[in-house]
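Undergrad: One structure, as structure tokens, below. Some questions next.
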Amino acid sequence: MSMVVRAERLWFNARMPRQPRARTHRQRPETRFEVSAGGVIYRRTDDGIAFGLISTKGGTRWQLPKGKQEKGETLEVTAAREVAEETGLFGTVQAALDTIDIWFSVNEDGRSVRRQKVVHFYLLEYLRGSTSDHDDEVDDACWVPADEALTRLTFPSERRVAQRALEILTRTDDDARERPASA
Numbered sequence: 003m004s005m006v007v008r009a010e011r012l013w014f015n016a017r018m019p020r021q022p023r024a025r026t027h028r029q030r031p032e033t034r035f036e037v038s039a040g041g042v043i044y045r046r047t048d049d050g051i052a053f054g055l056i057s058t059k060g061g062t063r064w065q066l067p068k069g070k071q072e073k074g075e076t077l078e079v080t081a082a083r084e085v086a087e088e089t090g091l092f093g094t095v096q097a098a099l100d101t102i103d104i105w106f107s108v109n110e111d112g113r114s115v116r117r118q119k120v121v122h123f124y125l126l127e128y129l130r131g132s133t134s135d136h137d138d139e140v141d142d143a144c145w146v147p148a149d150e151a152l153t154r155l156t157f158p159s160e161r162r163v164a165q166r167a168l169e170i171l172t173r174t175d176d177d178a179r180e181r182p183a184s185a
């Protein structure tokens, strides 16, 4: 090859724009944000305090009832609705307990989507209802003694929420015992 041809090729290649390289790293999956609310519903019995829990995944996962906030709902209304739907138990919101942040991935239409779910938990006092009236999205709902619930719950973050509920309820009991009866 002559020097002239080689020089022309170098000049031509230098003037041609480079094609961008194909990216070899994976792109981050899309992230979606959702707000949920749930609760620790409790009742007092002669044996102490009991919490309403749900089980999922064939009874292998014990959880607190929770679900997505619907348009126009307050967090408290969402918590009461989700507790009623998932446990069959109706209650009134007594106090805010805690907020937990949950990250997970799902496959949507063949692509991975990350979800960030922020769940606001509330303490609910039992009014009426039966755990046999729970909806089909849970395997079971039942009353569990509060101390046992702290060990039965699958997720540490939900155990902390239940522990907080128990602390509030036992502190309330202690305060009531310390108050003198009015004359």
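Per the numbering used here, the sequence shown starts with residue 3, numbered consecutively.
Even for Gly, the Cβ is constructed at its ideal location relative to N, Cα and C.
Could you tell me the alpha carbon to alpha carbon distance between residue 113 and residue 152, rounded to whole angstroms?
TA: The count along the sequence shown starts at 1 and reaches residue 113 at position 111. The count along the sequence shown starts at 1 and reaches residue 152 at position 150. Each residue's Cα considered, the two are about 36 Å apart.
Undergrad: May I ask which residues mark the beginning and end of the beta strand (DSSP E) holding residue 142?
TA: Taking the first residue of the sequence shown as position 1, residue 142 is located at position 140. Annotation for residue 142: the continuous beta strand (DSSP E) segment containing it runs 142 to 147.
Undergrad: Could you tell me the alpha carbon to alpha carbon distance between residue 185 and residue 47, rounded to whole angstroms?
TA: By one-based count along the sequence shown, residue 185 stands at place 183. By one-based count along the sequence shown, residue 47 stands at place 45. Interpretation of residue 185 is limited by its pLDDT of 46, a score under 50 that renders its predicted location unreliable; no figure is taken from the coordinates.
Undergrad: Just the C-alpha distance for residue 93 and residue 76, rounded to the nearest angstrom, thanks.
TA: On the sequence shown, position 91 is the one that residue 93 refers to. On the sequence shown, position 74 is the one that residue 76 refers to. About 16 Å.
Undergrad: With a threshold of 6 Å on Cβ separation, who are the neighbours of residue 63 within its own chain once the five nearest residues in sequence on each side are excluded?
TA: If you number the sequence shown from 1, residue 63 lands on position 61. These residues qualify, in order along the chain: 156.
Undergrad: Could you give the distance in angstroms between the alpha-carbon of residue 34 and the alpha-carbon of residue 103?
TA: Walking along the sequence shown from the start, residue 34 turns up at place 32. Walking along the sequence shown from the start, residue 103 turns up at place 101. The alpha-carbon atoms of residue 34 and residue 103 are separated by roughly 13 Å.
Undergrad: Are residue 58 and residue 111 touching if we call contact CB-CB under 8 Å?
TA: Here residue 58 corresponds to residue number 56 of the sequence shown, with the count starting at 1. Here residue 111 corresponds to residue number 109 of the sequence shown, with the count starting at 1. Not a contact, by the Cβ cut-off of 8 Å.
Undergrad: Going by DSSP, name the residue or residues bridged to residue 71.
TA: For the purposes of this step, residue 71 is taken as residue 69 along the sequence shown, with counting starting at 1. DSSP output for residue 71 lists no bridge partner at all.
Undergrad: Round the Cβ separation of residue 98 and residue 40 to the nearest angstrom and send it over; I've been treating them as touching at under 8 Å.
TA: Here residue 98 corresponds to residue number 96 of the sequence shown, with the count starting at 1. Here residue 40 corresponds to residue number 38 of the sequence shown, with the count starting at 1. Actually they are not in contact, since the Cβ atoms of residue 98 and residue 40 sit about 12 Å apart, beyond 8 Å.
Undergrad: For residue 161, name the three-state secondary structure that DSSP assigns.
TA: The count along the sequence shown starts at 1 and reaches residue 161 at position 159. In the structure shown, residue 161 sits in a helix (DSSP, three-state: H, G or I).
Undergrad: In chain order, which continuous runs of the beta strand (DSSP E) of length 3 or greater are located wholly inside the segment 97 to 135?
TA: 113 to 131
Undergrad: Identify the residues that DSSP records as bridge partners of residue 37: which are they?
TA: As a working note, residue 37 is residue 35 in the sequence shown. Under DSSP, residue 37 shares a beta bridge with 120.
Undergrad: Counting only the same chain and skipping the five closest in sequence on each side, list residues whose C-beta sits under 8 Å from that of residue 164.
TA: Residue numbering aside, residue 164 sits at position 162 when the sequence shown is read from its first letter. The answer, listed in chain order, is 42, 53, 66, 148, 151, 152, 155.
Undergrad: Using the three-state DSSP reduction, which class does residue 89 fall into: helix, strand or coil?
TA: As a position in the sequence shown, residue 89 is number 87, starting the count at 1. Of the three classes helix, strand and coil, the one that applies to residue 89 here is helix, per DSSP.
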